[in-house]
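Student:
Numbering (my numbering), first residue to last: 1088 to 1473.
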């Protein structure tokens, strides 16, 4: 046994422990030998599965198997409308023809495909739009392939202020239909178009203010915590205060200094003249243990009048927390703040739309959005600058 022993610790230890067996043994010698063997470290067995063998009937199939192909993908790189990159929500006048240009990248071209079709898909009524279908023939050269093509589109019907933008998705498909499918589509393949006609259906009567109101509306809709009903309740106030801001500059509606009570009386009368507001406007409603100046369908309106210091739009932030507190007290995430700057001025007014902004007020859990209008008063006559 000693001649066939290996060089491992276990084998050498076992040979040494059993070396006395060849000599005379007594019963007293057995116990020490057993104890010595039990103290020898045992080797750990290492097992492995045998490499699988392929049966003869499957060898030819295994040999001819092709490697997995790369995913067939179409990446939308860019939409351009009338020569400019499309915005996230693109304003597009209805009943006019517009250019739509598309740029795509195709990872590879299937062997049996002749053409690639990009088709618009939408839940909008078919009578309200015409969007082009883009068709690309098989290219030459090596993948990936870049394509660009231009088409024409028309929106046949404008939208109301309360309506969401038109939304279209482009789907990709190779032809003939037996070609490799499906196609993975990635990138900017969604078009959101706002077809509101500001000339025939103005919101405030001031085009620049109308565009700013639409921008504020979409920002509110992108906030997932704000209910759609709350946004809809805010739209009549956006239109009314936008018109008031325009009048304050065009007609110098507030030429002299007035206090907050006088301003509130004028705003209350002005808002009630709007048929979309009328009887739903409340005065001195309770919220968070205090009285709000005005309220419309649960949307709180805070009014301020500044008689001494010239204000910029960002200066309104110091008033926003009070308006936000009233909103939280009625379980709302939107409040309105209307600040009249009737202090004496020696400079021309700024553009009306610059006085419209949303001020987010942070709370311990989530922000409250205060829609703010800075109304310009105390505007000097243009002749005073000459």
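Don't be surprised by glycine CBs; every beta carbon is placed ideally from N, CA and C.
No experiment lies behind these values; they were computed from the predicted model shown.
Give me the residue from 1361, 1417, 1365 and 1396 with the minimum Cα distance to residue 1378.
Tutor: Position 291 of the chain shown holds residue 1378. Comparing Cα-Cα distances from residue 1378 to each of 1361, 1417, 1365 and 1396, the minimum goes to 1417.
Student: Using 8 Å as the threshold, is the stretch 1428 to 1445 in touch with the stretch 1343 to 1355, meaning 3 or more CB pairs across them?
Tutor: Touching, per the Cβ criterion.
Student: Whole-angstrom Cβ separation of residue 1323 and residue 1281, contact assumed at under 8 Å?
Tutor: Residue numbering aside, residue 1323 sits at position 236 when the chain shown is read from its first letter. Residue numbering aside, residue 1281 sits at position 194 when the chain shown is read from its first letter. About 19 Å separates the two Cβ atoms, so there is no contact after all.
Student: Helix, strand or coil: how does DSSP classify residue 1138 here?
Tutor: Stepping through the chain shown from its first residue, residue 1138 is reached at position 51. If DSSP states are grouped into helix, strand and coil, residue 1138 belongs with coil.
Student: Name the residue from 1400, 1415 and 1201 whose alpha carbon lies nearest to the alpha carbon of residue 1385.
Tutor: Counted from its first residue, the chain shown places residue 1385 at position 298. Checking every option, the nearest Cα to that of residue 1385 belongs to 1415.
Student: Given a cut-off of 7 Å, decide if residue 1300 and residue 1307 are closer than it, judged by their beta-carbon atoms.
Tutor: If you number the chain shown from 1, residue 1307 lands on position 220. If you number the chain shown from 1, residue 1300 lands on position 213. No, Cβ-Cβ distance for residue 1307 and residue 1300 is not below 7 Å.
Student: Please state the DSSP three-state secondary structure of residue 1368.
Tutor: Reading the chain shown from its first residue, position 281 is the one you call residue 1368. In this structure, residue 1368 counts as strand in the three-state DSSP scheme.
Student: When we look at the beta-carbon of residue 1264 and count the other beta-carbons within 10 Å, is it buried (16 or more) or exposed?
Tutor: In the chain shown, residue 1264 corresponds to position 177, counting from 1. With fewer than 16 other Cβ atoms within 10 Å, it is exposed.
Student: Give me, in chain order, the residues of the same chain whose beta-carbon lies closer than 8 Å to that of residue 1364; leave out the 5 immediate sequence neighbours on both sides.
Tutor: Locating residue 1364 in the chain shown gives position 277, where the first residue counts as 1. Closer than 8 Å at Cβ, skipping near neighbours: 1323, 1324, 1327, 1358 and 1383.
Student: Are the CB atoms of residue 1173 and residue 1192 within a distance shorter than 7 Å?
Tutor: Stepping through the chain shown from its first residue, residue 1192 is reached at position 105. Stepping through the chain shown from its first residue, residue 1173 is reached at position 86. Against a cut-off of 7 Å, the Cβ pair of residue 1173 and residue 1192 comes out as no contact.
Student: Three or more beta-carbon pairs under 8 Å between the stretch 1222 to 1233 and the stretch 1193 to 1211, yes or no?
Tutor: Result yes; three or more Cβ-Cβ pairs closer than 8 Å.
Student: Residues in the same chain with beta-carbon distance under 7 Å from residue 1380, minus the five sequence neighbours each way, listed in chain order, please.
Tutor: One-based indexing of the chain shown puts residue 1380 at position 293. Once the five neighbours on either side are set aside, the close Cβ partners of residue 1380 are 1351, 1388, 1389 and 1390.
Student: Flag this pair as yes or no: are the beta carbons of residue 1420 and residue 1406 separated by less than 7 Å?
Tutor: If you number the chain shown from 1, residue 1420 lands on position 333. If you number the chain shown from 1, residue 1406 lands on position 319. Cβ atoms of residue 1420 and residue 1406: not closer than 7 Å.
Student: Spatial neighbours of residue 1104 within its chain, please: C-beta separation below 8 Å, excluding the five flanking residues on both sides.
Tutor: Reading the chain shown from its first residue, position 17 is the one you call residue 1104. Same-chain partners within the cutoff: 1120, 1123, 1124 and 1127.
Student: Going by beta-carbon coordinates alone, are residue 1256 and residue 1271 separated by less than 7 Å?
Tutor: Within the chain shown, numbered from 1, the residue matching residue 1256 stands at position 169. Within the chain shown, numbered from 1, the residue matching residue 1271 stands at position 184. No; because the gap between Cβ atoms is not below 7 Å, this pair is not in contact.
Student: So the candidates are 1215, 1459, 1111 and 1353; which of them puts its Cα closest to the Cα of residue 1329?
Tutor: For the purposes of this step, residue 1329 is taken as the residue at position 242 of the chain shown. Answer by Cα proximity: 1459.
Student: Within its chain, find whatever has a CB closer than 6 Å to the CB of residue 1226; leave out the 5 residues flanking it on each side and keep chain order.
Tutor: By 1-based counting over the chain shown, the position of residue 1226 is 139. The residues are 1232.
Student: Residue 1240 bridges to which residues according to DSSP?
Tutor: Residue numbering aside, residue 1240 sits at position 153 when the chain shown is read from its first letter. Answer is 1185, bridged to residue 1240.
Student: On the three-state DSSP scale, how would you describe residue 1103?
Tutor: In the chain shown, the residue the question calls residue 1103 occupies position 16. Three-state result, residue 1103: helix.
Student: Considering only C-alpha positions, which residue in the set 1455, 1469 and 1202 is nearest to residue 1434?
Tutor: Within the chain shown, numbered from 1, the residue matching residue 1434 stands at position 347. Minimum Cα distance to residue 1434 is reached at 1469.
Student: Here's a check: name, in chain order, each residue in its chain whose Cβ is nearer than 7 Å to the Cβ of residue 1211, leaving out the five neighbours to either side.
Tutor: If you number the chain shown from 1, residue 1211 lands on position 124. Around residue 1211: 1253.
Student: Buried or exposed: which applies to residue 1188, given that a residue is buried once 16 or more other Cβ atoms fall within 10 Å of its Cβ?
Tutor: Residue numbering aside, residue 1188 sits at position 101 when the chain shown is read from its first letter. Residue 1188 comes out buried.
Student: Jot down the residue ranges of each uninterrupted alpha helix (DSSP H) in the stretch 1194 to 1257, minimum 4 residues, whole runs only, in chain order.
Tutor: Listed in chain order, nothing qualifies, since the stretch 1194 to 1257 has no complete alpha helix (DSSP H) run of 4 or more residues.
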